[in-house]
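Residue numbers (our numbering): 226 to 721. For glycine and all other residues, C-beta sits at the position ideal for the given N, C-alpha and C. Contents: one structure, followed by commentary.
Dropping the structure here:
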């Protein structure tokens, strides 16, 4: 018997329609009874999903912004984003998109700023472009996804890439964001000479902030392992309290050359207020100037990286969630799949337009599905709570990056789970997968990992007489990456 069938039988003992005509219309609109659920389950599921992923309202501003130019990712022109503004936009985008997804796709999935892409923007993109230009690239990426979803081409492209490489990309991004977390927390540092990196300072943990990171990492890890609903949020809040207490007692202050044991970005102190009117001034602050600043080729490759990350992460997440909820068939198809893909693409457009980074379906939605949510009503509840969170942006200045880094590492570990989908007995699979995974963190670039994996996959298949196994589209993409990897010399030759 399917999970959906079990839910139908269990639901017969509940009253999904409530007590009035309004409740009946709600049930019919969202097909609550039809999917074997109840209104109560949908409300609980939406609440649990929000608490399972509410950390993004705090974490996203810490990744993209700061309280000053000294503690924020600064773009090529010296610009930076304020945490309060990013926090407000994060809540607005997540809330509006999740409600839209619930109403249009009628699935219990929530959308918010994707962790892999926001880290990619903050680390690898803004060194070459401004923040508005970076968000313009995100918006272009979203428009492409929407176009492909509307025309049905998105599924065709998805099928062209071998499933092993799809899984490897997810694993590689997991390692990439985990490595970022280790570095930001001071758990991994550069060495004056010898190996490129080392543990802590001189091979040991010497600072209180890094110790707080370890405490947070273990706390969140235990909560997630025990399947505690909202484990990441609980761990983030609890570890932040530890950080606040440590700072109030030890007065560590900000890290500097003279104070290497201080907090690396935000010093954890209580704000003067917990509630504020959302600052929506980042709305519409995007530009398409990247194509002029860094050239059409480089900008196009950045868009491709954003597109590819968005594309496969969302498809895999939605398929997995639908299967978990008993809503998908054996091939992974689920109700209103085309509508879901279109709205997910709109998430990237909205993310660029609000400077909150590309919004995508969160795997944390599994918490609500596990609670029994089966319809878009749960998403409407989750989205409404995200809109409320817009008024709590002062909290973004409390959480130190050492605590936020622990979340990155735990999420990276979750993404590692995709490695089970890869058959490593065939070396024509093993080498491209391995290079994809390790190149991302070692070169600090998602694009490099994807490109190396594609090029190696095509060349090995060709050299082993299996060229017919390679989809024609993959040849085109691999050729584009070859050009991308030698764009420096090519630019010099063309310019000369």
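Asked	Found
Residues in its own chain within less than 6 Å of residue 658 by CB, not counting five upstream and five downstream?	389, 393 and 647
Can you check which of these residues, 529, 639, 605 and 701, is closest to residue 370 by C-alpha distance?	529
Going by beta carbon distance, what residues of the same chain come within less than 7 Å of residue 402, once the five residues before and after it are set aside?	340, 341, 344, 633, 636 and 637
Figure out for me which residue from 569, 535 and 590 has the closest Cα to the Cα of residue 547.	590
Here's the rule I'm using: 16 or more other beta-carbon atoms within 10 Å means buried, otherwise exposed. How should residue 250 be labelled?	exposed
In the structure shown, what three-state DSSP assignment does residue 590 receive?	helix
Comparing alpha-carbon positions, which option in 472, 675 and 585 lies nearest residue 320?	585
Classify residue 306 as helix, strand or coil using the three-state DSSP reduction.	strand
Taking residue 307 as the reference, which of 415, 356 and 435 has the closest Cα?	356
Identify the residues that DSSP records as bridge partners of residue 290: which are they?	306
DSSP three-state label for residue 496, please.	coil
Let me know the secondary structure DSSP gives residue 423 once reduced to three states.	strand
Using the Cβ count rule (16 or more neighbours within 10 Å means buried), how would you classify residue 542?	buried
Sorted by chain position, which residues of the same chain lie with C-beta nearer than 8 Å to residue 531's C-beta, five sequence neighbours on each side aside?	342, 345, 362, 363, 366, 573 and 583
By Cβ distance, which residues of its chain are closer than 8 Å to residue 664, with the 5 residues on each side in sequence left out?	397, 670, 673, 674, 677 and 678
Out of 502, 565, 353 and 626, point me to the one whose CA is closest to residue 405's CA.	626
State the Cα-Cα distance for the pair residue 242 and residue 566, rounded to the nearest angstrom.	With a pLDDT of only 47 at residue 242, under 50, the local geometry of the prediction cannot be trusted, and the value read off the model is given with reservation. Going by the C-alpha atoms only, they are around 29 Å apart.
Do residue 432 and residue 486 have their C-beta atoms within less than 7 Å of each other?	yes
Who are the Cβ neighbours of residue 446 in its own chain at under 7 Å, not counting the five residues just before and after it?	635
Per the contact definition of three or more C-beta pairs closer than 8 Å, is the stretch 606-619 in contact with the stretch 316-334?	yes
Helix, strand or coil for residue 544? Go by DSSP, reduced to three states.	helix
How is residue 413 classed by DSSP in three states: helix, strand or coil?	strand
Does residue 338 come out as helix, strand or coil in the three-state DSSP assignment?	strand
Can you tell me whether residue 538 is buried or exposed? The criterion is at least 16 other CB atoms within 10 Å of its CB, across all chains shown.	buried
Please state the DSSP three-state secondary structure of residue 258.	coil
Does the CB of residue 686 have a neighbour CB from chain D at under 7 Å?	Considering every chain present, this structure includes no chain D. It has just one protein chain.
What residue range is occupied by the uninterrupted alpha helix (DSSP H) comprising residue 564?	562-579
Which residue or residues does DSSP assign as beta-bridge partners of residue 584?	338
Given this structure, state the Cα-to-Cα distance separating residue 628 from residue 505, to the nearest angstrom.	26 Å
Buried or exposed: which applies to residue 409, given that a residue is buried once 16 or more other Cβ atoms fall within 10 Å of its Cβ?	buried
Label residue 254 either buried or exposed according to how many other C-beta atoms from any shown protein chain fall within 10 Å of its C-beta, with 16 as the threshold for buried.	exposed
How about residue 305 and residue 311: do their beta carbons lie closer than 7 Å?	no
Residue 488 bridges to which residues according to DSSP?	479
For residue 685, which residues in the same chain have their Cβ closer than 6 Å to its Cβ, ignoring the five residues on either side in sequence?	653
Are there three or more Cβ pairs, one per stretch, closer than 8 Å when the stretch 260-277 is compared with the stretch 462-481?	no
Taking residue 288 as the reference, which of 414, 349 and 382 has the closest Cα?	349
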